[in-house]
Every structure is written in structure tokens, then in C-alpha cells.
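S.K.: This is the structure I want to talk about, given as C-alpha cells.
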Amino acid sequence: MHSLSICHLYPEVLNLYGDRGNIICMEKRLLWRGIDCSVTPVRIGDSADFTKFDLFFIGGGQDFEQEVLLQDLKGSRKQDLIAAIEDGRTFLCVCGGYQMLGHSYETAAGDICEFLGAIDLKTVAGTQRRIDNFAFRLEEGLGGQTVVGYENHSGKTYLGKGVSPLGTIVKGGGNNSEDGTEGVHYKNVFGTYSHGPVLPKNPFFCDILLETALKRKYGSFTLDELDDRIEMRAHDQVLDMLLKGRI
Amino acid sequence: MFRTVLAVAACKACRTLLRLLKRGGTALPGKVALKIDPGILEKVSAGMEIFVITGTNGKTTTSRMLEHALEEAGEDVLANKSGANLLSGVTAEFTANASLTGRAKKHTAVIECDEGALKQVVPRIRPRVITVTNLFRDQLDRYGEVMHTRDQIREGLRKAQDAVICLNADCSLTASLADEEGIADRPDGRIRFFGVDIPAGDRKEPELSDAVHCIKCGTRYAYRYHTYAHLGSFYCPQCGYSRPDTDTGVTGILEEGPDHTTVTMHTGAGTQTVTVALPALYNVYNALAAVTAFSASGRDPVVACRSLESVESGFGRMETFTLGGNRVQVILVKNPAGANQSVGFLSRLTEPFAAVLMLNDRTADGHDISWIWDVDYEGFMQNENMVRVFCAGDRAADLALRLKYAGGDEEKIEIISDPAQIADRIENGSLPAYVLPNYTSLLQIREIISKRAGHGAFWEG
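Sequence order for the protein chains is U and R. If you want the working numbering, it's the 1-based position in the first sequence plus 205. Quick note: the second sequence, position 436, residue 419 per the working numbering, numbers continuous.
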């Protein structure tokens, strides 16, 4: 039996805006296809062997709690995470979890907060918070479908030269409300500002993550089709509202 | 003076007109009054003894309980029953109930106040008692994170130097407000705590907590026991910060029924057996909040305790109707903590029932509906007595999607886009129904159901 081992990093603090829905979604979509799945929470201070996991999920959190977390990210944890990324393991990182992958976060006062530096990107505090439903088109190599989600961030993220975004904004702010990009796609890391949670309403995106992780583990792998009518109904409803400007 | 008269007259006229038009407009009359006389609220509330209730969950029910207790004590109480709890709605309530010259006609008021509006409302009405029920994540896109909501409440409390402040001891985010600068320096007895002094409720460590780390030093809290969500007897193993002792506390749960809970409660006036005529632990917390506020004003808590036996629920809070011979209970659900309590209640029902979940995403609801993924619908979907679940509202498809991923029988889920059809289905069916709407969908469905069941419009109370 095929199986995936999922690591839910810092679930006790990075759990805003229904992001655990992403875990539920991945679990169910594996289960429905007869693929075994285990989810291991790794909390602040827990020791964990990251080479045991196929897929990592990192969500977003409150500013207050992110300070506590940054302490944990120093030292060996940092090296382990970078190694897992370079090793081609699959990551879904949302909002704060996405920003964390970059070099740093610059506060409004000009203070620089050092992050992981795993991917060439950085975030700067913005003056306005982007809060609303939004949509972006996945880059061509990922199938070009339109993802709908909910963004809620004041940080503006800028990708380094040659770093691919996850997609192009259809409606909303995305990375920085300036260059039309949203998220990052680096090796098998998928970073995005999309809450919502992002996966349930975008089942094709969930399947990209699962297939990427399964391919790395088993060589080639093709997922069975599922009945996604309810998923796409919810997806189309939001996209429709966005395009018509209702929300 | 002329301005005051004009403001009062315009407010009353506007309110009457809206009601004649069958609109339950509760904010506009207040906006009109404030426009004409920006100082109107100060004048029309002058000399009154005012209780303010704020916090994320339980504001309305706590207000109803407190209002009922005061009425049982023989007082005539002004209250913003319709849930219009921003500055404009509060202004409308006071102004419409004043004499034309702007004098208050009643002595006592119970005002439920939005967390964000507290700092605007409090300096104008100078409350005698302010009660903070709890702090949970709620409509995050409107308020931002829960710490931001807490900051808003803190600002409001700082502007109420004369008030007695009643805080939930079991909620670390709320209880710790007592130590904040501008709040802590009150004379003895001006800060009161209420809470559940024993393990109760689901007693589980929550999967999702809104307060994991010590607000003083950042260390992970430990708990002697949990009650529900992040509420319980928390303490910090590092700096020693811990749940304060209660002035009003539940010391025993004697009986938990489908429509009531009987507890032992210690108040300033000894310990008594108290029956709360509403089910579930969160209503025990609401009862504690109401009794504490009542006693903080110098009244005899025993009167408040006794009144809880005959309390009725507020607007859409466990309100009961009959449609086509079927019992319909409406339970407002607007954030994960409240939803988990209500959905948990349905998970344990032992009689066959139908459920209606409604979700709108309008401004008053918040555009972000992601919180439904923070709610544990799993037990609900797996309860064999749950025969059918209708998903309705602007985001019905999102609800259906959430339920699909909660497991159980997908065939039980049905999306209905027209709220009138829901009433038809309940009326023509043969099952008791539980309707769980969020805010604006409550207004829609309640109007339809109450009309058919022959109840009055909501502003008639």
C-alpha cells in the first residue's frame, strides 16, 4: 500500500483562518484513493527527524505568537528544514509560513527580522492590509488553473531574481500588490498567501501537492480521479463573485 | 437644547418610520441623532445606572440574563435587544427611549456592546459595571487577530475609570486584562472574576487554542483542567501567572439536561444551587457573567441566581418555534468556539433530527468564512440521528464542502439556495429541526420562520 507521511509544523501557533482544513483535505483525498496517510504535529521544542516526512504543511499565525516561534527556528531546526527543501520534499506554506521561508521581514520601524533564508525572497511591512477573497492563475508548468482563496496580510513579499511565483494574480493583491505575482514555487515548495483554506476549494492544487510528494517517493505516480463536483461548485461560486465584483 | 430636541425627535421619527416600513433598521436612527447632536448619547444616558456587556461570545445571552434578573428585582430596564451594538445602535436605543427634552425615562440599562465600539461607547455612557465574557477568534477579517480585539477592549476599559470590571477568570486573554496599566490601578473590589472552579464541559485540551502561550512571558501554558476551548485553570510554569481566584464561581455541576443545567455557585452571599434554564456549559458561563455583574452593582446575587430558573433565550439563541407541528430551534453560530459548542450539542442528540446550516459572507458576517474549517463537524456528521442536513446561504457550497470532508454519509447533505424553501422542508417534514445560521442569515431565516410560526418581529422583543 502506498502512503504519505505529513508533517504539520507548529500547529499550536500557526493555525489561523481554518488552515487545518488543508490537512483534512490532503488526508481525505489520499484516503479516498486508498493511499495511507499519517499526520505528525511537530510543535515548538519537539525534536523531529525531518527525513521521515514526505510532505510538510506550515500555516500562518498571529504576530504575537510568531515571536515565540522564531526562537525555535534557529539552530538545527533551520538546517533540517533547508535540507528537507533542497532534498525535494514537498512543502505547502501559507502566509506567515510562506514569509518564514524568505530571508527576512522588515518591520515598519525598519527593524529586520531574520527568517530561514531557504528561498531567495523577502518581506517588507506594508501600510495597508490586504483582506479579501482573491484569485490567481497557477503558472503554466502547474496546469494554469485558477486558484481561489482568501488573503489577509500586510506584509509585501518580493521574489529574488529568477525565482518563480506560484501564479499570476487574477483579482486581489498577492505577493505585493505591485508586480502581479502570487506566492512562490521553488523545487517542490509551494508558498502562497492564500487562506480559505486553499486546498479544499482548489482540489486540483491539492492533487498537484500529493502527486509531487508521491512521485518523489515512488518514482512515477498518477492519482485516480475523484468526484469533485461539490469542490468545484464552491470554487466556481467564489470565482464568479470575484469576477463580477460582488466581493 | 434645541439641538437635543431635534436629535431626539428625528431619531424617534426615523425609528417609527422604519418600523412602519417593516424594516428593522436599528442603526440609522442613531446615526441621524448623532449627526444632529454629536453629544446626544451623553445627554440621554445621563444619570442612568448602566451595565455594559462585551466579549466575543455570549454577549446577547448574558445581557438577556442580566436584564431578566433586574426585572425580577422589580426594575424597568432599557436594553438594546435587537443586537445593534455599535455606537449608532446604542445611541438609537437610548435616544428613542428618552423624553423629547433628552432626559432618560428609565433608571437602569443593560447594553451589549461590540468589542471594537467599546472605546467609543463607554466614555459617553459612563457605565457602572462592564463585563467581558471571553475572547475567541471571531470574524478575523473585520477585527484582525484576537490580540487586536483584546487591545480594543483594553482601550475601552481604560476609559471607564469609575466602572467595576467583571472578567472571565478561565479565559487567559480576558483575565489578564486586570493587570494592564490603566485598568489594574482600581480600588479593591473594582475588578471581579467569574469562572468554573472545577473540571467541566468536554475537559479536553483543544486542538485549536486562541491562547497557547503565556501573555506575560511567552511560555506555553499548562492547565490544571480544561472546560472548553482555551478556557480552564491555566498557569504558566515559567513566570507563575495563573488563573485568578473567582468572586463568583461554579463549584459543582449537579445535572446537565437538554434544556437546563443545575450547578452549585458560590457568590459573595454564600453558596447556592442554581438552575440555568438554558442548556450547555457556555450558558453556565453566561449565567456566571450575569450574576457577577448583578452583584458588582451592589445588588443581592441571590436574586440573580433565582431568576436564572426562568430565563428565556435571546434573539436566535436557542429560540424555539413550531412549524407544521415540528419543533424548530434556532441557534446563532458565528465563530468556531460558538459553533463547536452548538455542533457538539447536535452530535450528542439521541432523537432523530434535521439540521440546517446557514452561512452568509456579508459585511456584518465578515467576508472570510474559513473558520468553518476550525469547527469539528465530524461528530455531527457521524451521529446516526442526524437524518438530513440542509446547507443554505450565500456560501452554502462551502458548507457542503466542509461537511463532505467531515466524513459520514455524503448523501445526507443537500444544498438549498432559497431560505423560504428551508421553511417549507421543515414544515412538510416530520422531524424536529435545528437551524444554525450566522448573523445575517439568522435575520433572513428568523423572519421567515417567525412569520409562519406567528411570532412578532425582532424589535418587538
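C-beta: ideal position from N, C-alpha, C; glycine also.
1. Quick one: list the residues of chain R neighbouring R225/U, beta-carbon separation under 8 Å, in chain order.
2. With Q333/U as the anchor, note down where its beta strand (DSSP E) starts and where it stops.
3. For T116/R, I'd like the list of residues in its chain whose CB is within less than 8 Å of its CB, leaving aside the five on either flank, ordered along the chain.
4. Give me, in chain order, the residues of the same chain whose beta-carbon lies closer than 8 Å to that of L364/U; leave out the 5 immediate sequence neighbours on both sides.
5. Contact check, Y208/R vs P182/R under 8 Å by CB: the rounded distance?
6. Taking a cut of 7 Å between CB atoms, which residues from the stretch 373 to 392 of chain R lie near chain U?
7. Tell me which same chain residues have a C-beta within less than 8 Å of the C-beta of Y206/R, skipping the five on either side of it?
8. Let me make sure I understand the geometry here. Which of F373/R, L70/R and L329/R has the alpha-carbon closest to that of R473/R?
9. Any beta carbon from chain U within less than 8 Å of V104/R's own beta carbon?
10. Mind checking if K406/U is an interface residue toward chain R, Cβ cutoff 8 Å exclusive?
11. Given T(-1)/R, which residues of its chain have a CB within under 8 Å of its CB, disregarding the five upstream and five downstream residues?
12. Assuming S353/R contacts H213/U under a Cβ cut-off of 8 Å, what Cβ separation, rounded to an integer in Å, is found between them?
13. So, does the stretch 367 to 376 of chain R touch the stretch 309 to 321 of chain R, judging by three or more C-beta pairs under 8 Å?
14. Taking any Cβ of chain R, which residues in the stretch 412 to 442 of chain U have a Cβ under 7 Å from it, in chain order?
15. Once you ignore the five residues that flank E54/R on each side, which residues in its own chain have a CB closer than 7 Å to its CB?
16. Whose Cβ in chain R lies nearer than 7 Å to the Cβ of C230/U?
17. Residues of chain R with a CB under 9 Å from the CB of E387/U: which are they?
18. Starting from the Cα of C298/U, find the closest Cα among E272/U, L278/U, I263/U and T332/U and give me that residue.
19. Using a Cβ-Cβ distance cut-off of 8 Å, determine whether H196/R contacts chain U.
20. Determine whether the Cβ of G201/R lies closer than 8 Å to any Cβ atom of chain U.
21. In the DSSP assignment, what residue or residues form a beta bridge with Y310/U?
22. What residues from chain R crowd round D251/U, counting only those whose CB sits closer than 7 Å?
23. From V244/U, K233/U, L235/U and I435/U, pick the residue whose C-alpha is nearest to that of F258/U; which is it?
24. Between which two residues does the alpha helix (DSSP H) harbouring Q350/U extend?
25. In chain order, what are the residue ranges of uninterrupted alpha helix (DSSP H) at least 4 long that sit wholly in the stretch 202 to 287 of chain R?
26. Going by DSSP, what residue range makes up the alpha helix (DSSP H) through C411/U?
27. Give the residues from the stretch 327 to 344 of chain U that approach chain R closer than 9 Å (Cβ to any Cβ), ordered along the chain.
28. Could you tell me if F(-15)/R is buried or exposed, where buried requires 16 or more neighbouring beta carbons within 10 angstroms of its beta carbon?
29. Taking only beta-carbon positions, decide if Y398/U is within less than 8 Å of chain R.
30. What three-state label does DSSP hand F258/U in the structure shown?
31. Could you pull the start and end residues of the beta strand (DSSP E) that I113/R belongs to?
32. Hey, A81/R and A287/R are a contact pair by Cβ (cut 8 Å); roughly how many whole angstroms apart?
33. Quick one: list the residues of chain R neighbouring K233/U, beta-carbon separation under 7 Å, in chain order.
34. Taking only runs of the alpha helix (DSSP H) that begin and end inside the stretch 2 to 32 of chain R, which ones reach a length of at least 4 residues, in chain order?
35. According to DSSP, what are the bridge partners of R77/R?
36. Comparing the C-beta of E217/U with each C-beta of chain B, is any distance below 8 Å?
M.R.: Inspection of the coordinates gives the following:
1. E190, L191, W356 and D357
2. L326 to L343
3. I36, T37, G38, T39, N40, G41, K42, T45, N151, T157, Y268, N269 and A272
4. D325, L326, P370, N380, T386 and V389
5. 4 Å
6. Shown in chain order are the members of the stretch 373 to 392 of chain R whose Cβ falls below 7 Å from a Cβ of chain U: A380, D381, A383, L384, K387 and Y388.
7. So the list reads E188, G215, S216, F217 and Y218, once near-sequence residues are dropped.
8. In the structure displayed, chain R extends from -16 to 444; residue 473/R sits before or after that span and is not available.
9. no
10. yes
11. none
12. About 17 Å separates the two Cβ atoms, so there is no contact after all.
13. no
14. I435, E436, R438, A439 and Q442
15. V60
16. Y388
17. Here the premise fails: no neighbours, minimum Cβ distance about 17 Å.
18. I263/U
19. yes
20. True, the Cβ-Cβ gap to chain U drops below 8 Å.
21. C318/U and T328/U
22. By Cβ distance, chain R contributes nothing, its closest Cβ being about 11 Å from D251/U, past 7 Å.
23. V244/U
24. That residue, Q350/U, is in no alpha helix (DSSP H); it is neither H nor E in DSSP.
25. Restricted to the stretch 202 to 287 of chain R, the alpha helix (DSSP H) segments that are unbroken, complete and at least 4 residues in length are 264 to 279, listed in chain order.
26. P408 to Y423
27. R334, I336, D337 and N338
28. exposed
29. no
30. coil
31. V112 to V115
32. With a Cβ gap of about 27 Å, A81/R and A287/R do not count as contacting.
33. Y388
34. With a minimum length of 4 residues, the continuous alpha helix (DSSP H) runs that stay inside the stretch 2 to 32 of chain R are 11 to 19 and 23 to 27.
35. A small correction: the amino acid at residue 77/R is Phe; Arg does not occupy that position in the sequence shown. In DSSP, F77/R forms no bridge with anything.
36. No chain B is present in this structure, whose protein chains are U and R.
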